[in-house]
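Here's the structure, in structure tokens; my notes come after.
Residue numbers (the numbering used here): 22 to 178.
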């Protein structure tokens, strides 16, 4: 034997790396963020059916959160040229109290928890939307539009 095939036999069978080299431990993410990046026009019906099943048959900017399972990966393999797949990571970990309010999913797939976005029971000044709508001084959409437009035009008044 000569050439490349001889080198493969000496290195360890597959020709990649050193025989003593071990891959670093890798924990796959439990969920995937999937976004459609290509148009569905002139695509075959089986690719459209897969995207409809995933829930990405609307706008390109829509995002679907899918579990990282073999069946899901098999579906995504069929349309991998039409979607962007980003693994979801938890850099801060899950919150200790189990309260998932204030969760924010970034474009790079990081799921962060911002405590100020959640409603806390200790702060009485925060009201829910139902409380605001039940109050008589609640403004309708047209009034809010006028006031916010005036604030936009004259921000320092």
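Even for Gly, the Cβ is constructed at its ideal location relative to N, Cα and C.
- When DSSP assignments are scanned along the stretch 61-147, the uninterrupted stretches of alpha helix (DSSP H) that are 4 or more residues long and fall wholly within it turn out to be 66-75, 91-99.
- Straight-line measurement puts the Cα of residue 41 at about 45 Å from the Cα of residue 82.
- Burial is judged here by how many other beta carbons sit within 10 angstroms of a residue's own beta carbon; residue 132 has at least 16 and is buried.
- As the crow flies, the alpha-carbon of residue 63 is around 29 Å from that of residue 88.
- DSSP lists 87, 108 as the bridge partner or partners of residue 53.
- Residues 85 of the same chain have their beta carbon placed closer than 6 Å to that of residue 75, with the five preceding and five following residues left out of the count.
- In the assembly as shown, residue 57 is a buried residue. Its beta-carbon has 16 or more other beta-carbons within 10 Å.
- About 6 Å separates the CB atoms of residue 68 and residue 103; that is less than 8 Å, so the two are in contact.
- Distance between residue 107 and residue 65, taken at the CA atoms: about 24 Å.
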